[in-house]
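K.L.:
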Amino acid sequence: MVFIVKVPGINGEGKTNGCEKAGNAILKSMKEIFSNEQGILIDSNLFDLEEIHLDNSNLKITNKLIYENAYETFETEPKTIYLGGDHSISYSLAKSFFDYCKNENKESCLIVFDAHPDLMPSAKEPTHREWLRKLIEEGFPKENILLVGLRNSEKEEIKFLKEKRIHQIGFNSIVEDIDNIADTIMEFANSRQVYVSIDIDVIDPAFAPATGSPEPGGLSSRDFIYLIQRINKMKNLRAVDIVEINPEKKGGEETVKLGAKILSELL
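Residue 52 is where the sequence shown starts when you use the working numbering, and the numbers rise one by one after that.
(1) Go ahead and pull the three-state DSSP assignment for V53.
(2) Do you know offhand how far D230's Cα is from E238's?
(3) In the DSSP output, which residue or residues are listed as bridge partners for E227?
(4) Beta carbon of I132, beta carbon of V291: below 8 Å?
(5) Around the C-beta of K57, are 16 or more other C-beta atoms found within 10 angstroms, so that it is buried, or is it exposed?
(6) Could you tell me if H104 is buried or exposed, where buried requires 16 or more neighbouring beta carbons within 10 angstroms of its beta carbon?
(7) I'd like to know whether the C-beta atoms of I276 and K312 end up nearer to each other than 8 Å.
(8) Out of curiosity, what's the CA-to-CA distance linking Q244 and G63?
(9) How many angstroms separate the CA atom of P260 from the CA atom of G302?
(10) Between the beta-carbon of L212 and the beta-carbon of D165, is there less than 8 Å?
(11) In this structure, how does DSSP classify Q244 when only helix, strand and coil are distinguished?
(12) Could you tell me which of S139, K193 and I209 sits nearest to C160, measuring between CA atoms?
(13) Does the separation of the CB atoms of K66 and S264 fall below 8 Å?
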């Protein structure tokens with residue numbers, strides 16, 4: 052049984068208020084999913100479930116709680132799905148993952164699906180726009196990071212991407228040969244411990260409108276589900292987070308249902 056952890060953390064400069072409610076909304080929507088496409092029956096009443104109780108007014112304590120809880124989970128659970136929250140939670144989750152792998156003499160790998168690189172100069176407690184830069188600056192190996200789906204980057208982020216030579220897969224490559232791209236992602240992650248971070252805005256707002264920074268021209272929900280199904284076959288997949296779903300925005304129900312669908316395919 053996959054371990055599911057709700058992480059209702061937000062630090063999105065006001066743009067992500069409401070994302071803290073996504074975990075409960077997704078789990079409620081899961082009650083309407085009776086099986087996934089692999090034929091696995093789903094009973095949400097039987098989920099191995101936990102929540103990290105957070106006070107988003109104190110970001111230092113919030114990040115500490117996320118880090119410590121995640122580290123303990125990496126020690127005890129073979130695979131964990133984290134339900135955000137906005138993308139700021141991925142800083143503490145991925146930092147904990149890196150430290151765990153380092154202490155176990157294992158190599159860590161981070162695959163990020165996102166419309167934005169989240170590489171702006173970081174505050175002390177990084178927001179959803181800075182978390183990845185902060186993570187890299189604190190030691191996560193840049194050569195072990197793969198960004199998939201970027202389509203709107205700021206000038207400073209483009210400069211950072213080029214300077215650090217961070218691996219990327221663009222949309223045209225996915226559209227031209229999605230099967231080959233799935234192979235490429237899996238080859239990149241081969242022999243490493245894998246963490247996958249999913250910002251729902253990697254998917255086109257036609258399918259996932261209820262998010263803080265929707266960007267046109269994204270993946271279809273069908274193509275994304277295919278990629279996740281392929282990635283889920285990796286035995287070295289240790290953790291996935293699903294973030295930036297806002298049930299309170301227009302299109303919330305539709306976006307939550309997609310989040311539940313993605314979760315179901317990871318079980």
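Glycine included, C-beta positions come from ideal geometry on N, C-alpha and C.
P.N.:
This is what the structure gives:
(1) DSSP places V53 in coil when its eight states are reduced to three.
(2) When only Cα atoms are considered, D230 and E238 end up about 12 Å apart.
(3) Per DSSP, none; premise fails for E227.
(4) When the beta-carbon positions are compared, I132 and V291 come within less than 8 Å of each other.
(5) Burial call: buried.
(6) Its Cβ having fewer than 16 others within 10 Å, H104 is exposed.
(7) Between I276 and K312, the CB-CB gap stays under 8 Å.
(8) Q244 and G63: Cα-Cα distance of roughly 28 Å.
(9) P260 and G302 have their alpha carbons spaced roughly 6 Å apart.
(10) The beta carbons of L212 and D165 sit no closer together than 8 Å.
(11) In the three-state scheme derived from DSSP, where H, G and I count as helix and E and B as strand, Q244 is classed as strand.
(12) Ranked by Cα distance from C160, the options S139, K193 and I209 are led by K193.
(13) Contact: yes.
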